[in-house]
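**Student:** Just so you know, the sequences run in chain order H and A. With the numbering used here as the guide, the letters of the first sequence map in order to residues -11 to 100. With the numbering used here as the guide, the letters of the second sequence map in order to residues 7 to 332. The structure is given below, and queries will be raised subsequently.
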Amino acid sequence: METDIIPFETEMNRGFLQVLVLVLLEREMYGYAMVKKMEEKKFALEENTLYPLLRRLEKKGLIEGKWDVTEDRPRKFYIITEDGRDVRAGLLKIWQRQTAIMNRLLKENPNV
Amino acid sequence: MSRRLETYLEEISHYLGTGKERLEILTEIKSHIMEKASQEFEEVTEEAIEQIIDTYGSPRQVAEKYLEDDQIIAPALKGHLLRYTIILFTLHFGLILISFISRTNMLVLPFFYIPRIDSFQALFYLPMAFGFDLGMVGIILYFVTHSRKEIKLPWPKLKRDWQKSLEKRETESSLLPFFLMLLGYGVLVWLYWQSGTVFFKTIDFRNPQSLFTPAASTWYSLGLLALLGIGIAAYAVKFFTVSEWVNLSRSGCQLVILGIIINRPMENPFIEFTHLDLQIIADIVIAVAAVWIAFDFLKSLVILGIKTLRKKAPSPHEGFEKERSR
């Protein structure tokens, strides 16, 4: 029987999505636009994962949300905060270091 | 607003509970669904909204994603829940026993009220007391979790001897003691059959004289035979299974029998009083038996609790031992 990869992928995506959102929100965007943007990059960003994540990041003060009610339909726009930029810089360093370690290990173990 | 969307949001609201952010979360979800419907369909119709909702996830799943950070009890404190409950229940049980033997109500501040109960009521009261203790500990751990402070709760170490005790209690029954028990029990039953009692004033079996009046003889003899019978039956069951539940059931049944005996005392049960005050001696014997059996009952509860904890989290020493043995 093959092991189901989805739970592992969900676990792996947890950290990745945080960094991804912090990178995307360098410029102001609303949720659906972020989903579409990532679709263009061939990455399926699930809405029911993205929106709670946006809320958590907002609560932690890493992003800022503002309702735009000028159009027919209210939209919530998000943008990264200064604290968010600091955290993002730290997370990107970690991510780069992890990638470098993994690449080294894969070179040492060509059978993996 | 679309009827389907309204129902969907109501269901999500139900799972979100009464948190202060509930309304804002619902507004956000509504906005996301409407946005997607308007972008993906030419017109935002009831069918369009229905299609979007179908792919959005079940109300419970959606609500859970928003509640991921809101834990009732922090994972680091979950082990405390069972351990503290066992300790509190041990104390509670002891008080119930004292109240039961002394036949009085008992109020121990801040939260123990133990009413005067008979053995039948005790059967229902004990699980209720356990549920109360579990809830009490749960509430405290909930507040500790939500205080977000680094509170280090004490972790009382239960002696390692429990391991030995566990192994000893889990050995299978052997035939010789079992036959000796059956033989002794048979003799007692035979005596009761012949003389209507198992309590004698003298050891002269040619002229047996009962210690008690006929009514008291029947009552106390049957009580003793029932207590011993349960013990032997439990020993027999352990030929087939070594579960600690057998010990727990045995002590529980014996406690109930003892409770019935204590709750229905006979007036002037002795045929004649000698120079000894037999009533006091009898009371002491019954009290010692009650404490002994109650202790055994608690021991079984604690062992079962420890086994549950071990199943959940193996001791770090076990890992080291495995490493060393490699």
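Think of the CB as a built atom: it goes at the ideal place given N, C-alpha and C, for glycine as much as any other residue.
Under the three-state reduction of DSSP, which class applies to H:Phe65: helix, strand or coil?
**Tutor:** Mapped onto the first sequence, residue 65 of chain H falls at position 77. Looking at H:Phe65 - three-state DSSP - the assignment turns out to be strand.
**Student:** Check whether chain H comes within 7 Å of A:Gly23, counting only Cβ atoms and requiring the distance to be less than that.
**Tutor:** For the purposes of this step, residue 23 of chain A is taken as residue 17 along the second sequence, with counting starting at 1. For A:Gly23, the answer is no, since every Cβ of chain H falls outside 7 Å of its Cβ.
**Student:** Give the DSSP-derived three-state secondary structure of H:Lys95 in the structure shown.
**Tutor:** The sequence position of residue 95 of chain H within the first sequence is 107, counting from 1. H:Lys95: helix per DSSP, three-state reduction.
**Student:** Taking only beta carbons into account, state which residues of the segment 32 to 44 of chain H come closer than 7 Å to chain A, listed in chain order.
**Tutor:** Glu35, Asn36, Thr37, Tyr39, Pro40, Arg43 and Arg44
**Student:** Let me check understanding here. Comparing Cα to Cα, which of A:Pro81, A:Leu103 and A:Ile31 lies closest to A:His152?
**Tutor:** Stepping through the second sequence from its first residue, residue 152 of chain A is reached at position 146. That would be A:Pro81, whose Cα lies nearest to the Cα of A:His152.
**Student:** Excluding the 5 residues preceding and the 5 following A:Ile18 in the sequence, name in chain order all residues of the same chain whose CB lies nearer than 7 Å to its CB.
**Tutor:** Here residue 18 of chain A is taken as the residue at index 12 of the second sequence, counted from 1. When the five nearest sequence neighbours on each side are left out, the beta carbons in the same chain lying within less than 7 Å of the beta carbon of A:Ile18 are those of Leu32, Ile35, Pro65, Val68 and Ala69, in order along the chain.
**Student:** Does the segment 209 to 221 of chain A come close enough to the segment 246 to 261 of chain A to have 3 or more Cβ pairs within less than 8 Å?
**Tutor:** no
**Student:** Give a yes or no on whether the minimum CB-CB distance between A:Ser153 and chain H is below 7 Å.
**Tutor:** Locating residue 153 of chain A in the second sequence gives position 147, where the first residue counts as 1. No, A:Ser153 does not count as interfacial toward chain H.
**Student:** Secondary structure at A:Leu113, three-state DSSP: helix, strand or coil?
**Tutor:** Numbered from its first residue, the second sequence carries residue 113 of chain A at position 107. It is a strand residue.
**Student:** Checking contacts by CB at 7 Å: is H:Gly19 closer than that to chain A?
**Tutor:** As a first step, residue 19 of chain H is located in the first sequence; it is residue number 31 there, counting from the start. Chain A, which has a Cβ nearer than 7 Å to the Cβ of H:Gly19, makes this yes.
**Student:** Examine chain H for any beta-carbon lying closer than 7 Å to the beta-carbon of A:Ser37, and answer yes or no.
**Tutor:** Within the second sequence, the letter at position 31 stands for residue 37 of chain A. Interface residue, yes.
**Student:** Just to confirm my understanding: we take A:Pro133, look at its own chain, exclude 5 residues before and 5 after, and list those with CB closer than 7 Å. What are they?
**Tutor:** Within the second sequence, numbered from 1, the residue matching residue 133 of chain A stands at position 127. Cβ neighbours of A:Pro133 beyond the five flanking positions: none.
**Student:** When the cut-off is 7 Å and only beta carbons count, does A:Met187 lie next to chain H?
**Tutor:** The residue labelled residue 187 of chain A in the question sits at position 181 within the second sequence. Closer than 7 Å to the CB of A:Met187 there is not a single CB belonging to chain H.
**Student:** Per DSSP, which one or two residues make a beta bridge with H:Glu34?
**Tutor:** Working through the first sequence from its first residue, we reach residue 34 of chain H at position 46. DSSP lists no partner for H:Glu34.
**Student:** Of all the options H:Arg2, H:Ala32 and H:Lys81, which has the alpha carbon lying nearest to the alpha carbon of H:Arg44?
**Tutor:** On the first sequence, residue 44 of chain H is found 56 positions in, with the first residue counted as 1. The shortest Cα separation from H:Arg44 among H:Arg2, H:Ala32 and H:Lys81 belongs to H:Arg2.
**Student:** Applying the 10 Å Cβ sphere with the 16-neighbour rule, what's the burial state of A:Phe218?
**Tutor:** Sequence index remark: in the second sequence, residue 218 of chain A carries index 212 (1-based). A:Phe218 is buried by the Cβ-count criterion.
**Student:** Look up H:Val7 in the DSSP assignment and say whether it is helix, strand or coil.
**Tutor:** Residue 7 of chain H sits at position 19 when you count from the first residue of the first sequence. In this structure, H:Val7 counts as helix in the three-state DSSP scheme.
**Student:** Taking contact to mean 3 or more Cβ pairs, one atom from each stretch, closer than 8 Å, check whether the segment 6 to 25 of chain H and the segment 62 to 79 of chain H are in contact.
**Tutor:** Judged by Cβ distances under 8 Å, the segment 6 to 25 of chain H makes contact with the segment 62 to 79 of chain H, as three or more pairs qualify.
**Student:** When the cut-off is 7 Å and only beta carbons count, does H:Arg61 lie next to chain A?
**Tutor:** On the first sequence, residue 61 of chain H is found 73 positions in, with the first residue counted as 1. At a cut-off of 7 Å between beta-carbon atoms, H:Arg61 makes contact with chain A.
**Student:** In the DSSP assignment, find the unbroken beta strand (DSSP E) run with H:Lys54 in it and report its ends.
**Tutor:** Sequence index remark: in the first sequence, residue 54 of chain H carries index 66 (1-based). Taken as a continuous stretch (DSSP letters only), the beta strand (DSSP E) holding H:Lys54 covers Ile51 to Asp56.
**Student:** What's the call for A:Leu188, buried or exposed, on a 16-neighbour Cβ count within 10 Å?
**Tutor:** The count along the second sequence starts at 1 and reaches residue 188 of chain A at position 182. Under the 10 Å beta carbon count, A:Leu188 is surrounded by fewer than 16 other beta carbons and is classified as exposed.
**Student:** Return helix, strand or coil for A:Met272, following the three-state DSSP convention.
**Tutor:** One-based indexing of the second sequence puts residue 272 of chain A at position 266. Three-state result, A:Met272: coil.
**Student:** According to DSSP, simplified to helix, strand and coil, what is A:Met120?
**Tutor:** Sequence index remark: in the second sequence, residue 120 of chain A carries index 114 (1-based). Strictly speaking, residue 120 of chain A in this sequence is Ile, with Met absent from that position. In the structure shown, A:Ile120 sits in a strand (DSSP, three-state: E or B).
**Student:** Where does A:Phe136 sit, in a helix, a strand or coil, going by DSSP?
**Tutor:** Looking up residue 136 of chain A in the second sequence gives position 130. A:Phe136: helix per DSSP, three-state reduction.
**Student:** Three-state secondary structure (DSSP) at H:Phe(-4)?
**Tutor:** For the purposes of this step, residue -4 of chain H is taken as residue 8 along the first sequence, with counting starting at 1. Here H:Phe(-4) sits in helix by DSSP.
**Student:** Consult DSSP for A:Val255 and reduce its assignment to one of helix, strand or coil.
**Tutor:** The residue labelled residue 255 of chain A in the question sits at position 249 within the second sequence. According to the sequence as given, residue 255 of chain A is Ser; it is not Val. Helix at A:Ser255.
**Student:** Could you name the residues of chain A that H:Lys64 contacts, counting a contact when the two beta carbons are closer than 8 Å?
**Tutor:** In the first sequence, the residue the question calls residue 64 of chain H occupies position 76. Here the neighbours are Glu34 and Ser37.
**Student:** Which residues does DSSP pair with A:Phe218 in a beta bridge?
**Tutor:** If you number the second sequence from 1, residue 218 of chain A lands on position 212. BP columns for A:Phe218 point to A:Phe276.
**Student:** Going by the CB atoms, is the gap between A:Phe149 and A:Phe95 shorter than 7 Å?
**Tutor:** Start at 1 with the first residue of the second sequence, and residue 95 of chain A comes out as number 89. Start at 1 with the first residue of the second sequence, and residue 149 of chain A comes out as number 143. No, they are not a contact pair.
**Student:** Can you tell me whether DSSP reads A:Phe95 as helix, strand or coil?
**Tutor:** Here residue 95 of chain A is taken as the residue at index 89 of the second sequence, counted from 1. Residue state, collapsed to three classes: helix.
**Student:** A:Met272 and A:Ala222: beta carbons closer than 7 Å?
**Tutor:** On the second sequence, residue 272 of chain A is found 266 positions in, with the first residue counted as 1. On the second sequence, residue 222 of chain A is found 216 positions in, with the first residue counted as 1. It is a contact, given that the beta carbons lie within the stated cut-off.
**Student:** List the residues of chain H whose Cβ lies closer than 7 Å to the Cβ of A:Tyr90, in chain order.
**Tutor:** Counted from its first residue, the second sequence places residue 90 of chain A at position 84. In chain H, no part has a C-beta under 7 Å from the C-beta of A:Tyr90; the shortest such distance is about 31 Å.
**Student:** Hey, does A:Glu17 have any beta-carbon neighbour from chain H nearer than 7 Å?
**Tutor:** Taking the second sequence and counting its residues from 1, one reaches residue 17 of chain A at position 11. Chain H contact via Cβ: absent.
**Student:** From the beta carbon of A:Gly192, is the nearest beta carbon of chain H less than 7 Å away?
**Tutor:** Here residue 192 of chain A corresponds to residue number 186 of the second sequence, with the count starting at 1. No, its Cβ sits nowhere closer than 7 Å to a Cβ of chain H.
**Student:** Are H:Asn36 and A:Lys71 close, meaning C-beta to C-beta below 7 Å?
**Tutor:** Locating residue 36 of chain H in the first sequence gives position 48, where the first residue counts as 1. Locating residue 71 of chain A in the second sequence gives position 65, where the first residue counts as 1. Their beta carbons are under 7 Å apart, which means H:Asn36 touches A:Lys71 by this criterion.
**Student:** Counting pairs of Cβ atoms below 8 Å between the segment 9 to 16 of chain A and the segment 50 to 60 of chain A, do you hit three or more?
**Tutor:** yes
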